[in-house]
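Participant:
Numbering (full-length UniProt numbering), first residue to last: 1 to 678.
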């Protein structure tokens, strides 16, 4: 292959974005210089799913380049860091000792590919993950694709094209109108009045055509006017199956038409926000919340969360609806919003360090109900707050915000100030702007897209790198293997903190041990119970029950007992790298045999959707992949049609559907019921 042809091939590949099928590298291929050699190898690596870096460079006696190697980025191993060198950022370890190499030899000014070792000792990046390959970002088309993914609000408009601008067709440089409102979101009052619920319904129908698992529902009043809306896409259902144990429900946003915008949010295995759906409500009455929660529950296969967080507004109405629809769910109030409201209702006191100390004690640092009551009474008496109406209301809701009442329920720490502030930014940019409902939904979709891009990026990180261990011991290695990067950092912090825990054995009967632990500088005593036969361990701080991670006190005992790995029962799947490989659900909400059967079908459907969604995503990347998926689906349908159990179930469902239709006709008076005498 001559250099002119190779140059044309490179130019063509660059123009076509390099996402199609690429030719294999072959010994003997030639290019004209080092930059073309790098581009050839980089394009090949990107299409395969790995990143490259420059390796050995050999020169002759005249200092001319004689040989250049391009290595897999995972070649070699990370050098142990200098403990005397302070580092602000601890990088992940991406090296695996990969031996793959591409070698060029320079002869007569031409760069000739002389040797290839194509064998890698690691997995390649999936097509949707290749945008995160470091060397791939040097390809112009890939760099543009990353910019497009980030442009929905993750970087400032001044630094990239506004994704909203593209959606609404405005020029991002047009700033002649109100400085606080992008020109693309300006709407005149007359235009807004013309907007109605039907345009939103039409948009939902369009989304349902694109996504068969898209779900929406509306509620109408006695005049057949639409009052409430709820929607979610298919991916939200899959995410809820894995991470629906904790839900954050917000009602602090309003559209320009004064509808309450209410997103359902959660946290994934990276402790990042994920979306479960969203709603528009005409009001914040208990009836509206009951309808919304029932609709949400139906859309999620009747799986109730363990904990649902809400804001403080209309807390009693929400509490009533939650008790009705989610009887097995613990209702909590978001701590971050209570803290925010405290600055409004207790403005003069919040500047007092002594008051803040007592308030935070009640708010965050009480582990028993008695401790909370004593702390609360002391605060009220010390600052003469007996007549403060907001504190009276807050006290009546104490079971919904004080940790002492809920440490035994899993909450994923979603109620912390950091998490609350993060969730509160979902609609911050658009909630004050004048946009129609469809535009509001589109903004929500952009935010959801950004969340999912972040998750994909985090998945790529943990698949291609390992945290750099502070201590090269068994339990650190085990945690780094099991947990995602973020959750490992939480666990590592607890594990390193065992050096500040002082522990004494209180009693043991040869099987059951009881320890008391105290942290240096603190007075609180923690009780730890440990069973050496079953490896069961519990601590009075309840970190595992509420967060799903072992605390420093329990880890102190395990270290004392020479454990080199975390007991299996204390690795919560929702925090692991394999969190989305299975369905994290509970069957406890099913009471009747009918509901159990429906639940079992729902779980099987969710599991197939998880597996199928990945197959369809990869298959849709090209025509050949689509043909393969369609062929296998046709073969699968033939197998199902010949399966006796499946055909029997289809026959049973058909009978149930026929009876349901008949029942509806009877209710409407269209069909006469059989006579008892007949």
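We treat Cβ as the ideally placed atom computed from N, Cα and C, and that holds for glycine.
Which residue or residues does DSSP assign as beta-bridge partners of residue 516?
Facilitator: By 1-based counting over the chain shown, the position of residue 516 is 516. For residue 516, which the question treats as bridged, DSSP gives the partners 504 and 527.
Participant: Here's a check: name, in chain order, each residue in its chain whose Cβ is nearer than 6 Å to the Cβ of residue 400, leaving out the five neighbours to either side.
Facilitator: Locating residue 400 in the chain shown gives position 400, counting from the first residue. Cβ neighbours of residue 400 beyond the five flanking positions: 331, 332 and 333.
Participant: Let's test the definition: count the other Cβ atoms within 10 Å of the Cβ of residue 526 and tell me whether it reaches 16, buried, or not, exposed.
Facilitator: Residue mapping note: residue 526 aligns to position 526 of the chain shown, counting from 1. Buried: at least 16 other Cβ atoms inside 10 Å.
Participant: Does the beta-carbon distance from residue 55 to residue 68 come in below 9 Å?
Facilitator: If you number the chain shown from 1, residue 55 lands on position 55. If you number the chain shown from 1, residue 68 lands on position 68. In contact: residue 55 and residue 68 (Cβ atoms closer than 9 Å).
Participant: Looking only at DSSP bridge pairs, what is residue 307 linked to?
Facilitator: To locate residue 307, count along the chain shown from 1; it is residue 307. 246 and 330.
Participant: Just reading off the beta strand (DSSP E) that residue 58 is part of, what are its end residues?
Facilitator: As a first step, residue 58 is located in the chain shown; it is residue number 58 there, counting from the start. 52-59 is the extent of the beta strand (DSSP E) around residue 58.
Participant: Would residue 495 be called buried (16 or more neighbouring beta carbons within 10 Å of its own) or exposed?
Facilitator: Looking up residue 495 in the chain shown gives position 495. It counts as buried.
Participant: With the cut-off set at 9 Å, would you say residue 37 and residue 71 are in Cβ contact?
Facilitator: One-based indexing of the chain shown puts residue 37 at position 37. One-based indexing of the chain shown puts residue 71 at position 71. Contact flag unset, no.
Participant: Could you tell me the distance, in whole angstroms, from the CA atom of residue 580 to the CA atom of residue 411?
Facilitator: Along the chain shown, read from residue 1 onward, the residue named residue 580 stands at position 580. Along the chain shown, read from residue 1 onward, the residue named residue 411 stands at position 411. So the alpha carbons of these two residues sit roughly 19 Å apart.
Participant: Let's test the definition: count the other Cβ atoms within 10 Å of the Cβ of residue 117 and tell me whether it reaches 16, buried, or not, exposed.
Facilitator: Numbered from 1 along the chain shown, position 117 holds the residue referred to as residue 117. Exposed, by the Cβ-count rule.
Participant: Nearest to residue 362 by CA position, among 340, 233, 348 and 378, is which residue?
Facilitator: Working through the chain shown from its first residue, we reach residue 362 at position 362. Checking every option, the nearest Cα to that of residue 362 belongs to 378.
Participant: Distance, Cα to Cα, residue 640 vs residue 631?
Facilitator: The residue labelled residue 640 in the question sits at position 640 within the chain shown. The residue labelled residue 631 in the question sits at position 631 within the chain shown. About 14 Å.
Participant: Tell me, which residues are paired with residue 576 by DSSP?
Facilitator: Start at 1 with the first residue of the chain shown, and residue 576 comes out as number 576. According to DSSP, which records beta bridges pairwise, residue 576 is partnered with 483.
Participant: According to DSSP, is residue 235 helix, strand or coil?
Facilitator: Along the chain shown, one-based indexing puts residue 235 at 235. Residue state, collapsed to three classes: helix.
Participant: In this structure, does DSSP put residue 621 in helix, strand or coil?
Facilitator: For the purposes of this step, residue 621 is taken as the residue at position 621 of the chain shown. If DSSP states are grouped into helix, strand and coil, residue 621 belongs with coil.
Participant: If I measure Cβ to Cβ from residue 376 and keep anything under 6 Å in the same chain, skipping five residues before and after, which residues do I get?
Facilitator: For the purposes of this step, residue 376 is taken as residue 376 along the chain shown, with counting starting at 1. Cβ neighbours of residue 376 beyond the five flanking positions: 362.
Participant: Evaluate the contact criterion for the stretch 245-254 versus the stretch 214-224: three or more CB pairs, one atom per stretch, below 8 Å.
Facilitator: Cβ pair count under 8 Å is below three, so no.
Participant: Consult DSSP for residue 275 and reduce its assignment to one of helix, strand or coil.
Facilitator: Translated into the one-based positions of the chain shown, residue 275 becomes position 275. Residue 275: strand per DSSP, three-state reduction.
Participant: Using the DSSP secondary-structure output, state which residues sit across from residue 229 in a beta bridge.
Facilitator: What you label residue 229 is simply residue 229 of the chain shown in a count that begins at 1. DSSP output for residue 229 lists 218 and 280 as bridge partner(s).
Participant: Going by CA-CA distance only, name the one from 501, 347 and 534 that's closest to residue 521.
Facilitator: The residue you call residue 521 lines up with position 521 of the chain shown. When each option's Cα is compared against that of residue 521, the closest is 501.
Participant: If residue 94 and residue 270 are in contact, beta carbons under 8 Å, what's the gap, nearest whole angstrom?
Facilitator: Sequence index remark: in the chain shown, residue 94 carries index 94 (1-based). Sequence index remark: in the chain shown, residue 270 carries index 270 (1-based). Incorrect: roughly 18 Å between the Cβ atoms, too far for contact.
Participant: Within its chain, find whatever has a CB closer than 6 Å to the CB of residue 337; leave out the 5 residues flanking it on each side and keep chain order.
Facilitator: Indexing the chain shown from 1 puts residue 337 at position 337. Answer for residue 337: 311 and 312, listed in chain order.
Participant: Tell me whether residue 353 sits in a helix, a strand or coil according to DSSP, three-state version.
Facilitator: Locating residue 353 in the chain shown gives position 353, where the first residue counts as 1. In the structure shown, residue 353 sits in a helix (DSSP, three-state: H, G or I).
Participant: Does DSSP classify residue 563 as helix, strand or coil?
Facilitator: Taking the first residue of the chain shown as 1, we reach residue 563 at position 563. Residue 563: coil per DSSP, three-state reduction.
Participant: Consult DSSP for residue 105 and reduce its assignment to one of helix, strand or coil.
Facilitator: On the chain shown, position 105 is the one that residue 105 refers to. In this structure, residue 105 counts as strand in the three-state DSSP scheme.
Participant: Within 10 angstroms of the Cβ of residue 651, are there 16 or more other Cβ atoms? Answer buried if so, exposed if not.
Facilitator: Sequence index remark: in the chain shown, residue 651 carries index 651 (1-based). Flag for residue 651 reads exposed.
Participant: Alpha carbon to alpha carbon, how far is residue 516 from residue 347?
Facilitator: For this step, residue 516 is matched to residue 516 along the chain shown. For this step, residue 347 is matched to residue 347 along the chain shown. Near 40 Å, if we compare the C-alpha coordinates of residue 347 and residue 516.
Participant: Am I right that residue 274 and residue 393 are in contact with their C-beta atoms under 8 Å? What's the rounded C-beta distance?
Facilitator: In the chain shown, the residue the question calls residue 274 occupies position 274. In the chain shown, the residue the question calls residue 393 occupies position 393. Contact flag wrong, Cβ pair sits at about 32 Å.
Participant: Would you mind working out which of 644, 623, 613 and 642 sits nearest residue 211, comparing C-alpha positions?
Facilitator: On the chain shown, position 211 is the one that residue 211 refers to. Among 644, 623, 613 and 642, the Cα nearest to that of residue 211 belongs to 613.
Participant: Whose CA, out of 365, 91 and 461, lies closest to the CA of residue 125?
Facilitator: Looking up residue 125 in the chain shown gives position 125. Here the closest residue by C-alpha is 461.
Participant: With a threshold of 6 Å on Cβ separation, who are the neighbours of residue 682 within its own chain once the five nearest residues in sequence on each side are excluded?
Facilitator: With the chain running from 1 to 678 in the structure shown, residue 682 is simply not present.
Participant: Starting from residue 116, follow its DSSP beta bridges and name the residues at the other end.
Facilitator: As a position in the chain shown, residue 116 is number 116, starting the count at 1. Answer is 102, bridged to residue 116.
Participant: What would DSSP say about residue 468, mapped onto helix, strand or coil?
Facilitator: Along the chain shown, one-based indexing puts residue 468 at 468. Coil, per DSSP.
Participant: In angstroms, rounded to a whole number, what distance separates the CA positions of residue 570 and residue 112?
Facilitator: Position 570 of the chain shown holds residue 570. Position 112 of the chain shown holds residue 112. Computed Cα separation, rounded: 55 Å.
Participant: How far does the alpha helix (DSSP H) with residue 299 in it extend, from its first residue to its last?
Facilitator: The residue given as residue 299 occupies position 299 in the chain shown. First-last of the alpha helix (DSSP H) with residue 299: 286-299.
Participant: From which residue to which residue does the alpha helix (DSSP H) around residue 317 run?
Facilitator: As a first step, residue 317 is located in the chain shown; it is residue number 317 there, counting from the start. Residue 317 -> alpha helix (DSSP H) spans 315-325.
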